[in-house]
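Trainee:
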Amino acid sequence: MRSGLVAQALRRHRWSLLAPACTQVLAACVISAMVMTAWSLSPSQLAPQDRAVVVASQMDDVTSVFLGIAVYLSILIVGVTMNLAIQQQLEDVALVRVVGASPGQVRRAVALQVAVVGVLASLIGWLVAIPAGAAWIHALRTHDVLPDAARFAPQIMALPIALGIVLPTSVVGALVASRRTVRIAPSVALTEAGTRCRPVRRSRVIAGSALVVGGAVLSAVLSQIDPAQADDAAFFVMLAECIGVGMLAPLALRRVAGVLRRLARDGVGRLAVDSIEAMTRSLSGALVPLVLAAAFATVKVAVHTTTTRVTGVTEPVADVWTDYSGTVIYATFAGVAALNCLVTVVVNRRRDLAAMQLIGGSRRSLVGMMLVEAVIVSATAVVLAAGVAGVTLAPMLHTTLGRWLPFFPPIVPVAGVLLVTGVVIAGMVAPAATVMRAPPIEVVAAGP
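As numbered in the numbering used here, residues 20 to 467 make up the sequence shown, in order.
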């Protein structure tokens, strides 16, 4: 029975599983690339004089930091995307429970389908890491960070390492995500699947609030200690804030929708607000990687721009390039995860959109509704990211530069808002326009 459930889930929910699969590929790619980079720069691969250049550039430390962040992000973002994928299977889980499947059987089926996807994703990620790692080493040589003798050396050993990280985090994330889904009464699950409205539990609110407050308290403590220690621990402040914000995101979206409802008139705007309120749990899954990407990039840019502004000393180009390139890698990691989450949500709304078309809604007006939804989600993500970045930056700037507020060239916040908005529009408006090309009667008749 378990193998039958797995096979059906893989066929029926391939779009839902696309989001965790993409994040698993990215995680395996980054982890594999960093492992192979570390091997390529090891003493066994370089002459002593070239190895001395690597040590002087601190690339060993940089590679270790990138690898550590990749592990943290894979745990967080794969867990978020898996949670969304399991939510989309809520109706199926309820039905198999009705016909006699036990919670344990369903949990094992969920873990197995994630493991199947994770193994394939890890292999693809390792293969992609080979050209990506070669390009990374080449860029480091071009910017005079590494000696000319440094060459990327692919290693098969990176595959089991990536698999050993991606697979357990994915399975654990899936089991945690499915915990409530497989335990609630089938009738309740069918109701939630039909209305797409899942209650926000008190334990989630308490845990999210504790993480947000705890991150702020830790930030205040870090502002009083040694700058080097404060900078190292600031990343954990950001993680705590992002996870906490993600847990509270459904409430945040609901509050935003409540405020906008008083302002929105009948028409596209009102439909968008109502849809946002009905989809708060699903859309909140995309807010975690969006907030993480925007906050991470903001912190990295602010440290360099504020330091240059206060001290008047331009930092070494190689150091800035290395830091920014790593920021781009991880912002892309989180941005792709957010994009896939949004695409998954919209594709699973295709029957709702088709039903709206059948009762008179034009394709143009529904695309406009999705555009308004995208703007609301983007604005919420930008505000939350600004708050997370502010809490994270405060101790770093205070301990190193003696000031609390960062400095940005005007182009930086504008570019950040445009990038976040672009990701959300690409993940919501474009898929909606695509799925509505099919005749609506066929979509409704085809079922989920």
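For glycine and all other residues, C-beta sits at the position ideal for the given N, C-alpha and C.
#1: Within a Cβ cutoff of 6 Å, which residues of the same chain sit near residue 449, ignoring the five residues on either side of it in sequence?
#2: Among the residues of its own chain, which have a CB less than 7 Å from the CB of residue 455, if the five just before and after it don't count?
#3: State the CB to CB distance for the pair residue 257 and residue 318, rounded to an integer number of angstroms; the pair is presumed to be in contact (CB under 8 Å).
#4: By the 10 Å Cβ neighbour count, where 16 or more other Cβ atoms means buried, how is residue 141 classified, buried or exposed?
#5: Report the residue from 333, 277 and 337 whose alpha carbon sits nearest the alpha carbon of residue 73.
#6: Taking 8 Å as the threshold (C-beta atoms), are residue 231 and residue 275 in contact?
#7: So for residue 333, helix, strand or coil by DSSP?
#8: Any idea if residue 402 is buried or exposed, counting beta-carbon neighbours within 10 angstroms, 16 or more meaning buried?
#9: Got a sec? Which residues, its chain only, sit under 6 Å from residue 237 by beta carbon, not counting five neighbours each side?
#10: How many angstroms separate the CA atom of residue 301 from the CA atom of residue 461?
#11: Quick check on the DSSP output: the alpha helix (DSSP H) that includes residue 414 runs from which residue to which?
#12: Thinking C-alpha only, which one of 316, 95, 292 and 134 is nearest residue 436?
#13: Identify whether residue 163 lies in helix, strand or coil by the three-state DSSP scheme.
#14: Which residues in the same chain have their Cβ closer than 8 Å to the Cβ of residue 194, if we skip the five residues on either side of it in sequence?
#15: How would you write the range of the alpha helix (DSSP H) that residue 432 sits in, first residue to last?
#16: Which residue comes first and which comes last in the alpha helix (DSSP H) that contains residue 65?
#17: CB residue 164 to CB residue 78, shorter than 8 Å?
#18: Residue 368: which of 298, 100, 149 and 282 sits nearest, CA to CA?
#19: Smallest Cα separation from residue 409: which of 443, 310 and 356?
#20: Taking residue 47 and residue 144 to be in contact with their CB atoms under 8 Å, please state how far apart those CB atoms are, rounded to whole angstroms.
#21: To the nearest angstrom, report how far apart residue 425 and residue 234 are at their CA atoms.
#22: Does DSSP put residue 175 in a helix, in a strand, or in coil?
#23: Helix, strand or coil, according to DSSP, for residue 459 in the structure here?
#24: Do you know how far the Cα of residue 440 is from the Cα of residue 279?
#25: Would DSSP call residue 243 helix, strand or coil?
#26: When you compare the CB positions of residue 134 and residue 36, do they come within less than 8 Å of one another, or not?
#27: If you reduce the DSSP assignment to three classes, tell me which class residue 379 lands in.
#28: Go ahead and label residue 423 buried or exposed: buried means 16 or more other beta carbons lie within 10 angstroms of its beta carbon, across all protein chains shown.
#29: Looking at the structure shown, is residue 286 part of a helix, part of a strand, or coil, going by DSSP?
#30: Please state the DSSP three-state secondary structure of residue 20.
#31: Do residue 395 and residue 291 have their CB atoms nearer than 8 Å?
#32: When you compare only the Cα positions, how much space is there between residue 354 and residue 63?
#33: Determine the contact status of residue 259 and residue 303, defining contact as a CB-CB distance below 8 Å.
#34: Could you check if residue 22 is buried or exposed, using at least 16 other CB atoms within 10 Å of its CB as the buried criterion?
#35: Ordered along the chain, which non-local residues of its own chain (more than five positions away) have a Cβ less than 6 Å from that of residue 180?
#36: Determine the burial state of residue 227: buried for a count of at least 16 other Cβ atoms within 10 Å of its Cβ, exposed for fewer.
Mentor: With the given structure in hand:
#1: Closer than 6 Å at Cβ, skipping near neighbours: no residue.
#2: In its chain, beyond the 5 residues on either side, 372, 376, 382 and 385 have a beta carbon closer than 7 Å to the beta carbon of residue 455.
#3: So it is a contact: roughly 7 Å between Cβ atoms.
#4: With 16 or more Cβ atoms within 10 Å of its Cβ, residue 141 is classed as buried.
#5: Ranking the options by Cα distance to residue 73, first place goes to 337.
#6: 8 Å or more divides the Cβ of residue 275 from the Cβ of residue 231.
#7: Residue state, collapsed to three classes: coil.
#8: Exposed, since its Cβ has fewer than 16 Cβ neighbours within 10 Å.
#9: A distance below 6 Å between beta-carbons, with the five flanking residues on each side excluded, links residue 237 to the following residues of its chain, in chain order: 256.
#10: Straight-line spacing of the CA atoms in residue 301 and residue 461 works out to 25 Å.
#11: Start and end: 382-420.
#12: When each option's Cα is compared against that of residue 436, the closest is 316.
#13: In this structure, residue 163 counts as coil in the three-state DSSP scheme.
#14: Closer than 8 Å at Cβ, skipping near neighbours: 126, 129 and 130.
#15: Here the alpha helix (DSSP H) through residue 432 covers 430-454.
#16: Element bounds for residue 65: n/a, residue is neither H nor E.
#17: In this structure, residue 164 sits near residue 78, with a CB-CB distance shorter than 8 Å.
#18: Checked all of 298, 100, 149 and 282; the closest Cα to residue 368 is 298.
#19: Residue 409 has its Cα closest to that of 310, out of 443, 310 and 356.
#20: With 8 Å as the limit, residue 47 and residue 144 qualify as a contact, their Cβ atoms being about 3 Å apart.
#21: About 19 Å.
#22: Correct three-state label for residue 175: coil.
#23: Assigned with DSSP and collapsed to three states, residue 459 falls in helix.
#24: Those two C-alpha atoms are separated by around 19 Å.
#25: Residue state, collapsed to three classes: coil.
#26: Between residue 134 and residue 36, the gap from beta carbon to beta carbon reaches 8 Å or more.
#27: Residue 379 falls in the coil class under three-state DSSP.
#28: When all chains shown are included, residue 423 counts as exposed.
#29: Reduced to three states, the DSSP call for residue 286 is coil.
#30: Note that residue 20 scores 44 on pLDDT, short of 50, meaning its location in the model is unreliable; the coordinates nonetheless yield the value given after this. DSSP places residue 20 in coil when its eight states are reduced to three.
#31: Annotated as proximal: residue 395 and residue 291, with beta-carbon spacing under 8 Å.
#32: Taking the CA atoms as reference points, residue 354 sits about 36 Å from residue 63.
#33: No. Outside cutoff.
#34: Confidence in residue 22 is poor, its pLDDT being 49 and thus under 50, which makes the residue's placement too unreliable to answer from.
#35: Once the five neighbours on either side are set aside, the close Cβ partners of residue 180 are 54.
#36: Under this definition residue 227 is a buried residue.
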